[in-house]
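Enquirer:
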Amino acid sequence: MFARRTASLLAGGALALAATVLNAGQAAEAATSLPCDIYGAAGTACVAAHSTTRALYSSYNGPLYQLKRASDGAVANVGLLAAGGYANAATQDSFCTGTTCVITVIYDQSPRHNDLFIEPAGAAGPANAGVPADALPVTAGGHAVYGASFSGRMGYRHTSASGVAVNGQAEGMYMVTSGTHVNNRCCFDYGNAEVSIADTGNGHMDAINFGTECWFSPCVGQGPWVQADLENGLFQSDAGPSKNSSYTGNAAPFVTALLKNNGQNFFATKDGNAQSGGLATRYAGPEPTQPGYSPMQQEGSIVLGTGGDNSNGSIGSFFEGVMTSGLPTDAADNAVQANVVSVGYGGPSPVAGGTLNPGSTISLRATTSCCTTRYIRHQFDDAVTSVVSSGSSALDKSDASWIVRRGLANPSCLSFESRNYPGDFLRHYNYQLLRQPMDGSAAFRSDATFCPQAGKNGQGTSFASFNYPDRFLRHYNNTVYIASNGGPDTFDATASWADDVSWAVNAPWAP
Ligand code: AHR
Ligand code: AHR
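Numbered by mature numbering (1 follows the signal peptide of the UniProt record, and there is no 0), the letters in the sequence shown go through residues -24 to -1, 1 to 487 in order.
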């Protein structure tokens, strides 16, 4: 269902590198060559360029995405802070104050105007919803921006795209996604798909797939993998299954996933950590051997977040992506990856740590005398308290660090986003505290909102549940709950309640 436990092993290491990347990202804000400048200069112009976080051409200064708010149905565009720069997320924050917004359009920055609209019903699934606009707050280039977080039945499409490869023409594409918000259902895709939103046969798609769905056994490791959705199959090689026994997947919080296909007799997949390092080629070789893929028969529609026929059981994250006309060179791919890394996705938060100001990263330490070296951290999707110290692993430190966000149900209260699982928040369920991806529902928003007040034992801060205001975040037997002072459950015990609901707000273990 949600991201697998093994994912966090890789995630911690990735985060350790993030801090060094950010300074480069801030310095590169006026960078001259953004991904579509790079691909254009290499002779493979972008025919689609979508992002909710930044410009993908250094000269672009138009809108990135359109919002629609629930209160009155009004729409507004979110643009850039500067030409070639980052999203002006303040537009979203003020337009959506006191209500909720979904993303209704992700604009194409390329001259083709292949904007992505909420995908209507297709052969394999009902009409989609837009993503909740505030579900994936991240940092890019030192700025607070929003990614697009897909829960079930969310997706976008442009069914009559201009300039996108058809009938065996060559193309390339990449997206920046996340390895921590994935599942094994069909199909979290970005790329070329059918005009009719139906499965019209082998070779009628050419899209990046990223997830843990193993279409052709055996798969190596647990994923998530970069795969080629070429219709009727998520390919890791011409045969289907992976031929790369060392590629067990990429579970980093920010992943660059890439596919290119000459439309005739060659395709390749690559991925890399979007926060550091280069790309690795996972497959490069002939088209699938089954009939229909050689030559390819692409139709030139663009899909994001579902399968070609609108199978929409998948989840995923999207920050930016482009499609090109023509097969990009490896040198251009590498330059694009270097530019992505320079952004410093998910880098240190813009507000200094250790305060409850939105944007700040914190760690929450227990104040009960038993437990003053214990911090709230996630482990196996639950929130627990663990001893964390300067000698702890990078993973433990990241798991115990939380980014303070404006309350998802009430902006004068707070929500807590995981430091190493972008878009996952602390929420209670059956009164227990869990880490889960924000699905945009009213229930999730309420369950993930906490209102701070003075610590009940005279120390630090206590956090009242927004929807159960007599219940406060409490550790009990090292598990975290929302507990009332006396009540039906064992974790409501009055003994040491005041201490257990009082937390020291500390500087984060993982800034
Ligand atoms: O190829 C995998 C999926 O199969 C496609 O995305 C979808 O159209 C079909 O169901
Ligand atoms: O945690 C208490 C309640 O349990 C939550 O509000 C709800 O999501 C679940 O039913």
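Here a beta-carbon is modelled for each residue, glycine too, at the ideal position from N, C-alpha and C.
#1: 7 Å is my cut-off, CB to CB: does S336 come that close to chain B?
#2: Could you tell me the boundaries of the beta strand (DSSP E) in which Q412 lies?
#3: Is G322 closer than 7 Å to M151 when the C-beta atoms are compared?
#4: Give the single residue among S366, P387, Y351 whose Cα lies nearest to the Cα of H451.
#5: Taking Q408 as the reference, give the member of H354, K373, P387, N433 with the closest Cα.
#6: Helix, strand or coil for V(-4) per DSSP?
#7: Would you check whether ligand 1 has a heavy atom nearer than 6 Å to the C-beta of residue 539?
#8: Are three or more beta carbon pairs between the segment 262 to 272 and the segment 171 to 178 nearer than 8 Å?
#9: Return yes when the Cβ of L303 is within less than 7 Å of the Cβ of A141, no when it is not.
#10: Mapping DSSP to helix, strand and coil, what is G16?
#11: Bridge partners of G98, per DSSP?
#12: If I'm right that Y397 touches R382 with Cβ under 8 Å, what's the distance once you round it to whole angstroms?
#13: CB of D285 to nearest heavy atom of ligand 1: below 6 Å?
#14: Given this structure, state the Cα-to-Cα distance separating M149 from Y457, to the nearest angstrom.
#15: DSSP state of A311, grouped into three classes?
#16: Say the cut is 6 Å; is the CB of C195 nearer than that to a heavy atom of ligand 1?
#17: In this structure, what does DSSP give as the bridge partners for M149?
#18: Leaving out five residues before and five after R45 in sequence, what residues of the same chain have Cβ atoms less than 6 Å from its Cβ?
#19: Leaving out five residues on either side along the sequence, give the residues of the same chain with a beta carbon under 6 Å from the beta carbon of R88.
#20: Nearest to F192 by CA position, among A21, K219, F230, is which residue?
#21: Do A385 and R421 count as a contact pair if the criterion is CB distance below 7 Å?
#22: Taking S374 as part of the alpha helix (DSSP H), name the residues at either end of that continuous run.
Expert: Working from what's here:
#1: Any reference to chain B falls outside this structure, which holds one protein chain only.
#2: Taking the first residue of the sequence shown as 1, we reach residue 412 at position 436. Segment 408 to 413, the beta strand (DSSP E) holding Q412.
#3: Walking along the sequence shown from the start, residue 151 turns up at place 175. Walking along the sequence shown from the start, residue 322 turns up at place 346. Contact: no.
#4: In the sequence shown, residue 451 corresponds to position 475, counting from 1. Comparing Cα positions, the closest option is Y351.
#5: Within the sequence shown, numbered from 1, the residue matching residue 408 stands at position 432. For the residues H354, K373, P387, N433, the minimum Cα distance to Q408 belongs to H354.
#6: Here residue -4 is taken as the residue at index 21 of the sequence shown, counted from 1. Note that V(-4) has pLDDT 37, beneath the 50 cutoff, so the model's placement of it is unreliable and the number below is only indicative. Helix.
#7: Limits of the chain in this structure are -24 at one end and 487 at the other, which puts residue 539 out of reach.
#8: yes
#9: Residue mapping note: residue 141 aligns to position 165 of the sequence shown, counting from 1. Residue mapping note: residue 303 aligns to position 327 of the sequence shown, counting from 1. Not a contact, by the Cβ cut-off of 7 Å.
#10: Taking the sequence shown and counting its residues from 1, one reaches residue 16 at position 40. Helix at G16.
#11: Taking the first residue of the sequence shown as 1, we reach residue 98 at position 122. According to DSSP, which records beta bridges pairwise, G98 is partnered with G101.
#12: Translated into positions along the sequence shown, residue 397 becomes position 421. Translated into positions along the sequence shown, residue 382 becomes position 406. Contact doesn't hold; Cβ gap of about 19 Å is too wide.
#13: On the sequence shown, position 309 is the one that residue 285 refers to. Yes, Cβ of D285 sits closer than 6 Å to a heavy atom of ligand 1.
#14: Mapped onto the sequence shown, residue 149 falls at position 173. Mapped onto the sequence shown, residue 457 falls at position 481. Roughly 44 Å separates the two Cα atoms.
#15: By one-based count along the sequence shown, residue 311 stands at place 335. Residue state, collapsed to three classes: helix.
#16: Position 219 of the sequence shown, counted from the first residue, corresponds to residue 195. C195 Cβ: outside cutoff for every heavy atom of ligand 1.
#17: Numbered from its first residue, the sequence shown carries residue 149 at position 173. According to DSSP, which records beta bridges pairwise, M149 is partnered with L235, M299.
#18: By one-based count along the sequence shown, residue 45 stands at place 69. Taken in chain order, the residues that qualify are C72, T75, C77.
#19: For this step, residue 88 is matched to residue 112 along the sequence shown. Counting only Cβ-Cβ distances below 6 Å, and skipping sequence neighbours, we find V23, S138, G139.
#20: If you number the sequence shown from 1, residue 192 lands on position 216. Among A21, K219, F230, the Cα nearest to that of F192 belongs to K219.
#21: Residue numbering aside, residue 421 sits at position 445 when the sequence shown is read from its first letter. Residue numbering aside, residue 385 sits at position 409 when the sequence shown is read from its first letter. Contact flag set, yes.
#22: Here residue 374 corresponds to residue number 398 of the sequence shown, with the count starting at 1. 370 to 375 is the extent of the alpha helix (DSSP H) around S374.
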